[in-house]
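Visitor:
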Amino acid sequence: PARKKRATVPPPTEIEWRTLDPSIPPRVYAERTPIPDPRPDPDAPRRPGHPRAPHRCTVGYGYYPASNQRIPTLRLRGRWLEQLGFTIGCKLDIRLRDGELVVSVAPAD
Numbered sequence: 019p020a021r022k023k024r025a026t027v028p029p030p031t032e033i034e035w036r037t038l039d040p041s042i043p044p045r046v047y048a049e050r051t052p053i054p055d056p057r058p059d060p061d062a063p064r065r066p067g068h069p070r071a072p073h074r075c076t077v078g079y080g081y082y083p084a085s086n087q088r089i090p091t092l093r094l095r096g097r098w099l100e101q102l103g104f105t106i107g108c109k110l111d112i113r114l115r116d117g118e119l120v121v122s123v124a125p126a127d
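When the letters of the sequence shown are read in order and numbered with this note's numbering, they come out as residues 19 to 127.
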């Protein structure tokens with residue numbers, strides 16, 4: 019697939035606050051917020067990211083086969099799972115400990 023071209027317009031060097039109501043003063047943090055420098059070489063590979071698991075998720079529902087009864091379901095997905103050792107096809111150990119669900123990779127048989 020073709021890579022998307024990056025914008026060639028440089029980022030602004032100063033921020034000017036404009037408001038519809040002149041009685042509202044500009045935000046205090048505007049002077050302290052630096053504008054990030056553009057990457058020196060946009061084609062250089064980026065450093066690997068850190069696993070960032072979601073902090074919250076929602077319990078969904080599924081169905082048992084041949085039943086219309088809904089059951090609670092959890093679905094976790096993302097590269098962060100792989101970065102933590104949860105590779106595709108690995109077996110999991112799931113335990114309850116002090117009201118928490120503990121999921122770990124099962125040792126190989």
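Every residue, glycine too, gets a C-beta built ideally from N, C-alpha and C.
Using DSSP with H/G/I as helix, E/B as strand and the rest coil, what is Pro88?
Guide: Strictly speaking, residue 88 in this sequence is Arg, with Pro absent from that position. It is a strand residue.
Visitor: Between Arg21 and Asp61, what straight-line distance do the alpha-carbon atoms span, to the nearest angstrom?
Guide: In a straight line, the C-alpha of Arg21 is about 11 Å away from that of Asp61.
Visitor: Once DSSP output is grouped into helix, strand and coil, what is the label at Leu110?
Guide: strand
Visitor: Report yes if the C-beta distance between Val77 and Pro56 is below 7 Å; otherwise report no.
Guide: no
Visitor: Check this for me: beta carbons of Gly103 and Val123, under 7 Å apart or not?
Guide: yes
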